[in-house]
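Numbers 5 to 301, taken from the numbering used here, label the letters of the sequence shown in order.
Think of the CB as a built atom: it goes at the ideal place given N, C-alpha and C, for glycine as much as any other residue.
Report on the structure given below.
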Amino acid sequence: MAILLTGGAYAKTSQRIATLCRQAKIPFLFASRRGDSVPAADAKDPTGATDAPAVRFDWTDADSYANPFAHAFPNGDAIRAVYMIMPRVPEPDKYINAFIDYAAARGAKRFVLMAGTSASLGGPGPGKVWQHMVEKGVEWAVCRPTWFMDNLSDGFHLKTIREENTIYSCVGEAKVPFVNSLDVGGVAYAALTQPEPPNKDFRIVGPALLTHDDVAARLGNVLGRPIRHVNMSPEERLEHMTNTLKLPAQYAGFMVSLEKLAAGGAEDYMDDTVEKLTGRKPVDLDSFIKERKELWQ
């Protein structure tokens, strides 16, 4: 059995799945628009491996769908499971569903979709992919992680924490069970490889419900300087994202919509999915911050 990882070697969860595949000696293949041009070093994992088998793949280009299935795996393995990250294109479900049909006709049996908390069966975007997998009768799973801790250490949060000692949001005092991308990747790996078909969705959360004030305080404790959380109205947050942080308007609007959902309690949820599927407790925020302390210096 081989596993196809869409999203390329740069996706954090794909990197984690690749690491676990290497450890278990399961063949895998990255698929992205970069294809063979992905530098091996960019897929480096904690084991020190730098091999990154990859093919060119574009969700919107049906001619590229054949490339993963033309790849020669060691020992004659064939793709039997596919990990799918939603592409940032209009109507992504249309392309993913077309590829599911294509891959299933060529022997792929299991499909694992990375979605989000807000995804629902039959709903927009990932919800339509979810429904298609169910109706088609393939083995399936939908991963619905909460907010990644990793968002604090890259992108716009990294910039404002490092330069302004500030986290901005419109979440207010709502609680979020922040999760590490390593744990999300671990759950996805289990869904791809466990003997029995999952045929369910997995809410994936970290070990504690935290407000953004809590997060700021924990950052400050580790970094040795005060970090504050500034709560904004949704309108102020959108203006800040587009005019100050220079984020694309569509992306900023999407992020604000997620923060508004969280403010209403959408992320206030806990379970033990990570421990059940990976065999270990999820990474806590303090450990995450200590491990990456230099990024915010």
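For residue i, the three-state DSSP class (helix, strand or coil)
i: residue 144; result: strand
i: residue 61; result: coil
i: residue 200; result: coil
i: residue 90; result: coil
i: residue 255; result: helix
i: residue 274; result: coil
i: residue 152; result: strand
i: residue 195; result: helix
i: residue 266; result: helix
i: residue 334; result: The chain is shown from 5 up to 301; residue 334 falls before or after that span and cannot be answered.
i: residue 290; result: helix
i: residue 81; result: coil
Range covered by the beta strand (DSSP E) that runs through residue i
i: residue 109; result: Segment: none, residue 109 is in no beta strand (DSSP E) and carries neither H nor E.
i: residue 28; result: Here residue 28 belongs to no beta strand (DSSP E); instead the alpha helix (DSSP H) covers 16-28.
i: residue 296; result: Unbroken run through residue 296: none, as it is neither H nor E.
i: residue 123; result: Here residue 123 belongs to no beta strand (DSSP E), and DSSP marks it neither H nor E.
i: residue 33; result: 32-36
i: residue 115; result: 114-118
First and last residue of the uninterrupted alpha helix (DSSP H) at residue i
i: residue 8; result: Not the alpha helix (DSSP H): residue 8 falls in the beta strand (DSSP E), residues 6-10.
i: residue 166; result: 159-168
i: residue 278; result: 277-282
i: residue 73; result: 70-74
Assigned exposure category for residue i - 16 Cβ within 10 Å defines buried
i: residue 187; result: buried
i: residue 308; result: Only positions 5 to 301 of the chain appear in this structure, which leaves residue 308 out of reach.
i: residue 247; result: exposed
i: residue 284; result: exposed
i: residue 19; result: buried
i: residue 59; result: buried
i: residue 69; result: buried
i: residue 61; result: buried
i: residue 45; result: Bear in mind that the predicted position of residue 45 carries a pLDDT of just 40, short of 50, making it unreliable; the figure below should be weighed with that in mind. By the neighbour-count rule (16 or more Cβ atoms within 10 Å), residue 45 is not buried but exposed.
i: residue 225; result: exposed
i: residue 239; result: exposed
i: residue 141; result: exposed
8 Å Cβ shell around residue i - same chain, five flanking residues per side excluded
i: residue 84; result: 5, 6, 7, 111, 112, 113, 114
i: residue 28; result: 197
i: residue 185; result: 16, 17, 20, 152, 153, 154
i: residue 126; result: 132, 134, 135
i: residue 243; result: none
Own chain, CB closer than 6 Å to residue i, minus 5 neighbours either side, in chain order
i: residue 143; result: 113, 114, 201
i: residue 263; result: 173, 174, 175
i: residue 10; result: 35, 88, 89
i: residue 267; result: 175, 176, 178
i: residue 233; result: 171, 216, 217, 220
i: residue 145; result: 116, 195, 202
i: residue 91; result: 63
i: residue 73; result: 110
i: residue 213; result: 179, 181
i: residue 166; result: 300
i: residue 24; result: 193
Other residues of its chain near residue i: CB distance less than 7 Å, five sequence neighbours each side excluded
i: residue 3; result: Any answer about residue 3 is impossible in this case: the structure gives the chain only from 5 up to 301.
i: residue 124; result: 131
i: residue 191; result: 147, 206, 208, 277, 278, 281, 282
i: residue 251; result: 160, 245
i: residue 295; result: none
i: residue 31; result: 6, 77, 78, 81
i: residue 169; result: 229, 230, 231, 232
i: residue 163; result: none
i: residue 211; result: 285, 286, 288
Within-7 Å CB hit, residue i to chain D
i: residue 82; result: No chain D appears in this structure, which consists of one protein chain only.
*Whole alpha helix (DSSP H) runs in the segment 207-253 with 4 or more residues, listed along the chain?*
216-227, 238-243
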